[in-house]
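2 protein chains.
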Amino acid sequence: MTTTREKLLDVAADLFYTQGFQSVGIDQIYGQVGITKTAFYKHFESKDDLIIAVLNRRDQRELEEWGNYIRIRGRDDSRRQLSAFFELLEEWFSKPDFRGCFFLNALTEFPNENDPINRAACAHGEHLASMMLRFAAAAGADDPAALTQQLMLLITGAISSRHRTGDLGAAKTATRVAHVLIETHCGRAALTAR
Amino acid sequence: MTTTREKLLDVAADLFYTQGFQSVGIDQIYGQVGITKTAFYKHFESKDDLIIAVLNRRDQRELEEWGNYIRIRGRDDSRRQLSAFFELLEEWFSKPDFRGCFFLNALTEFPNENDPINRAACAHGEHLASMMLRFAAAAGADDPAALTQQLMLLITGAISSRHRTGDLGAAKTATRVAHVLIETHCGRAALTAR
DNA sequence: GCTGGTGGTGTACCGCAAGTCAACCTGCGG
DNA sequence: CCGCAGGTTGACTTGCGGTACACCACCAGC
Chain A
67 MTTTREKLLD VAADLFYTQG FQSVGIDQIY GQVGITKTAF YKHFESKDDL IIAVLNRRDQ
127 RELEEWGNYI RIRGRDDSRR QLSAFFELLE EWFSKPDFRG CFFLNALTEF PNENDPINRA
187 ACAHGEHLAS MMLRFAAAAG ADDPAALTQQ LMLLITGAIS SRHRTGDLGA AKTATRVAHV
247 LIETHCGRAA LTAR
Chain B
67 MTTTREKLLD VAADLFYTQG FQSVGIDQIY GQVGITKTAF YKHFESKDDL IIAVLNRRDQ
127 RELEEWGNYI RIRGRDDSRR QLSAFFELLE EWFSKPDFRG CFFLNALTEF PNENDPINRA
187 ACAHGEHLAS MMLRFAAAAG ADDPAALTQQ LMLLITGAIS SRHRTGDLGA AKTATRVAHV
247 LIETHCGRAA LTAR
């Protein structure tokens, strides 16, 4: 049994992702769930409140999913774990309903840094980066923080490129570059990041 | 003497960039210029029309600026020209009013591919890529299209990273990776992209 | 000297979305 | 039997995008 609140979050997440946050009216959301406006406002204080809840829930779930995927695909090899991030991108990009990164999108729709929505969206990137940092450290990178920065840049770039051009090959492009970086930073005679 | 239309475009470009397209009302725009709503609608058919005009003008100007910068900084050395793209990023990122890429932002605020705003925003990326492609070809890259794809991915990633984390070092990170790629693709014994 | 285009003004109005308010209904556990 | 969570209806306010209509001032050309 899914509660009404859960249903609202599901519908909202879907609409927000496909159409953007600002262009979706709450009437579409509560209408699709089958309740009235007043009922909606018993679950969420405001549209912003709903957006933040959607963002936080998706942050948690996505982090879990990514973590599981990487542990499974990466086996016990830390370097494979790092490159698993990019295999995941490939799968993601091939989905027809791909519309970029939910959190990156939120960030550009709410550019004010003091906006709680902006903060919630930023948090996801930080969570993902700190997860990657652990893998990079485990892989014996000479400078795990630098490697994480570079790989995160590649991931962000791949997502934005795929989003902009619709090019499915963006993941492969990023993967190739990532392998070079991983080899360089985790090689036996690892070079400095300069 | 700047025409009213030009003033409207200037004010709109500024507000849209700093606050986003949807969250800026046209009343702010015509108010700041000092005309009334009716007068505004004698210059532009709609808000969408204004947005497209702003986008197109900025596309032209930015392309010109980038082209000039690269020709000056790159001198006659094609490889230097390619890496000048990244030097430009560094300068751009250090500006306090940096808010990401205007066109990438437009794209996420108007995700519908049939939306003329979306098309106008996409166009900029294509223009930039085709400019880069010419430089890549001139630099004697083994596969100019592939190199362009990779460098564009890096640029996009750097912009988004800087936007998300506020990290000024994103440009340097991208530059380092770019140099590796340029060397690999333009080396005397150039390897294939695979 | 009248005509027309350009670039304005003011006011009133429509439709839609966010959000509020008040009054009322219903099922369920303590 | 009470209270509360979750729901309903309907009327209302505010703000924004956009329209309609009537009017004004200036400058250029035949």
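Respectively, the protein sequence lines represent chains A and B.
According to the working numbering, the stretch in the first sequence is residues 67 to 260, in order.
According to the working numbering, the stretch in the second sequence is residues 67 to 260, in order.
For every residue, glycine included, the Cβ atom is placed at its ideal position computed from N, Cα and C.
*asked:* Quick check on the burial criterion: 16 or more other C-beta atoms within 10 angstroms. Buried or exposed for L257 (chain A)?
replied: Confidence at L257 (chain A) is low in this model, with a pLDDT of 39, below 50, so the placement of that residue should be treated as unreliable; the coordinate-derived value is given next. L257 (chain A) counts as exposed, since fewer than 16 other C-beta atoms from the protein chains shown sit within 10 angstroms of its C-beta.
**Prompt:** Leaving out five residues before and five after A259 (chain A) in sequence, what residues of the same chain have Cβ atoms less than 6 Å from its Cβ?
**Reply:** Here A259 (chain A) scores only 37 on pLDDT, less than 50, and its place in the model is too uncertain to base an answer on.
Beta carbon proximity, L81 (chain A) to chain B, threshold 8 Å:
Taking Cβ atoms only, chain B never reaches closer than 8 Å to L81 (chain A), which makes this a no.
| Ordered along the chain, which non-local residues of its own chain (more than five positions away) have a Cβ less than 7 Å from that of T214 (chain A)? | The answer, listed in chain order, is A195, M198, L199 and A202.
Taking the Cβ atom as the reference point for each residue, do Q216 (chain B) and V120 (chain A) lie within a distance shorter than 8 Å? V120 (chain A) is positioned such that its CB atom lies no closer than 8 Å to that of Q216 (chain B).
Residue-level contact to chain B via CB, L220 (chain A), 8 Å cutoff
Yes, its Cβ sits closer than 8 Å to a Cβ of chain B.
(Q) How far does the alpha helix (DSSP H) with Q88 (chain B) in it extend, from its first residue to its last? (A) No alpha helix (DSSP H) holds Q88 (chain B); DSSP gives it neither H nor E.
Just reading off the alpha helix (DSSP H) that T104 (chain B) is part of, what are its end residues?
Start and end: K103 to H109.
Beta-carbon separation (whole angstroms), I221 (chain A) vs L155 (chain A), contact threshold 8 Å
Indeed they touch by this definition, with Cβ atoms about 7 Å apart.
Residues of its chain near C252 (chain B), where Cβ-Cβ distance is below 7 Å and the 5 sequence neighbours each way are ignored: Taken in chain order, the residues that qualify are R145, A205, G206 and A207.
>> Counting C-beta neighbours from all protein chains within 10 Å, is the total for S160 (chain B) 16 or more, i.e. buried, or is it exposed?
In response: S160 (chain B) comes out exposed.
Q: Quick one: residues in its chain with C-beta nearer than 7 Å to the C-beta of F261 (chain A), no 5 flanking neighbours on either side, listed in chain order?
A: With chain A represented from 67 up to 260, any question about residue 261 (chain A) goes unanswered, as that position is not in the structure.
Give me the chain B residues within the contact set of T231 (chain A), using Cβ-Cβ distance strictly less than 7 Å, ordered along the chain. The contact set of T231 (chain A) on chain B, defined by CB atoms closer than 7 Å, consists of G191 in chain order.
Neighbour flag for T258 (chain A) against chain B, beta carbons, 8 Å: Note that T258 (chain A) scores a pLDDT of 40, beneath 50, so its modelled location is shaky and nothing firm can be said.
Quiz item: In this structure, does DSSP put C167 (chain B) in helix, strand or coil?
Solution: If DSSP states are grouped into helix, strand and coil, C167 (chain B) belongs with coil.
Between Q236 (chain A) and G223 (chain B), what straight-line distance do the alpha-carbon atoms span, to the nearest angstrom?
-> The sequence given here has Ala at residue 236 (chain A), not Gln. The alpha-carbon atoms of A236 (chain A) and G223 (chain B) are separated by roughly 11 Å.
> With H229 (chain A) and D125 (chain A) assumed to form a contact (beta carbons below 8 Å), what rounded beta-carbon distance in angstroms separates them?
Replying inline: Not confirmed; about 19 Å, so no contact.
Any chain A beta carbon closer than 8 Å to L116 (chain B): Under the 8 Å criterion on CB atoms, L116 (chain B) is classed as non-interfacial with respect to chain A.
Q) Exposed or buried, S112 (chain A), counting other C-beta atoms within 10 Å across all chains shown (16 or more means buried)? A) Residue environment analysis places S112 (chain A) among the exposed positions, since fewer than 16 neighbouring C-beta atoms fall within 10 angstroms of its C-beta.
Less than 8 Å between the beta carbons of T84 (chain A) and D163 (chain A), yes or no? Closer than 8 Å, so yes.
Next on the checklist: Helix, strand or coil, according to DSSP, for L217 (chain A) in the structure here?
Outcome noted: Three-state result, L217 (chain A): helix.
Q) DSSP state of F176 (chain B), grouped into three classes? A) The answer is coil: DSSP assigns F176 (chain B) none of H, G, I, E or B.
>> In this structure, how does DSSP classify T70 (chain A) when only helix, strand and coil are distinguished?
In response: Three-state result, T70 (chain A): helix.
* To do: For M218 (chain B), collect the residues of the same chain with a Cβ closer than 6 Å to its Cβ; drop the 5 residues on either side in sequence, then sort them by chain order.
  => The residues are A195.
query: Along the chain, where does the alpha helix (DSSP H) that runs through L162 (chain A) open and close?
result: First, the residue type needs correcting, since residue 162 (chain A) is Pro and not Leu in the sequence shown. Counting along the chain, P162 (chain A) falls outside any alpha helix (DSSP H), and DSSP gives it neither H nor E.
Query raised in the report: How many Å lie between T102 (chain B) and A78 (chain A) at the Cα?
Result: Straight-line measurement puts the Cα of A78 (chain A) at about 37 Å from the Cα of T102 (chain B).
Review point. If you draw a straight line from the alpha carbon of A186 (chain B) to that of C167 (chain B), how long is it in whole angstroms?
Key: Taking the CA atoms as reference points, A186 (chain B) sits about 14 Å from C167 (chain B).
Determine the direct distance from the alpha carbon of T104 (chain A) to that of D233 (chain B), and round the result to whole angstroms. Spanning the two alpha carbons is a distance of roughly 43 Å.
Where the alpha helix (DSSP H) through L194 (chain B) begins and ends:
Counting along the chain, the alpha helix (DSSP H) containing L194 (chain B) begins and ends at P182 to A204.
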